[in-house]
Amino acid sequence: MDKKTYLNYLKLFGFSFYNDDLYIDKSFKINNINDCKLCNLYKLKENFYKNQTKKAKIFILSDYNLNEDFAKELDLILKSNLNLNIKNIYFSSIVKCSNNYKKDNLAKCHQYSLNEIIESEASIIILLGENLKNILQLENFNIGDIIFYTLNGKKIKILINYSFYFIKKNPSYEIDFINNLKKLKEEV
């Protein structure tokens, strides 16, 4: 099967393609996050789950930091549905300091996350939270969409999914959350 036919089949099954020149400011290195003073949230610096994985095939970017209990629950979902361990996944949140943020904090913090994605060398990115699609300029895509994206010259797959905190508040969406993750099962 030639490449054009293959791409048409992927479109037929709901895959989307997006290629854009996204500006990435290389001065926002994740190693310098402790020195960040872009907004007032740096004064809060709460302790959250920190994943020690530095290079991984899958990068999960969340709109909220996970506490230890939520990390265990997410780990259980990943193990039972994708046969993955959270310790083998690069997990991060968009706002590193606190969960008490506003949308303008996202605009200030997102450069750190973009550099973090590049440094992780992940080929699959899962965005947990609908408001995160704006940092990659994916406003026209919906939850559950898989997008083939070119970031910094590398082709990656992006899945937009519900926020884990949204799932905890609205358990009726948990099945959709899991089904969206299962779309990536053949890739992992």
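So in the working numbering, spot 111 of the sequence shown is number 349, and the numbers just go up one at a time. Each residue gets a CB set at the ideal place from its N, CA and C atoms; glycine is no exception.
- Between the alpha carbons of Thr388 and Ile356 lies a distance of about 11 angstroms.
- The straight-line gap separating the alpha-carbon atoms of Lys242 and Phe386 is approximately 15 angstroms.
- For Glu412, the CB contacts under 7 angstroms within the same chain, skipping 5 residues up- and downstream, are Ile405 in chain order.
- Per DSSP, the unbroken alpha helix (DSSP H) holding Leu312 starts and ends at 306 to 320.
- Residue range 384 to 389 is occupied by the beta strand (DSSP E) that includes Ile385.
- Contact between the segment 300 to 313 and the segment 393 to 404 is present: three or more C-beta pairs spanning the two stretches fall below 8 angstroms.
- For Asn323, the secondary structure class from DSSP, reduced to helix, strand or coil, is coil.
- In the structure shown, Tyr350 falls within a helical segment according to DSSP collapsed to helix, strand and coil.
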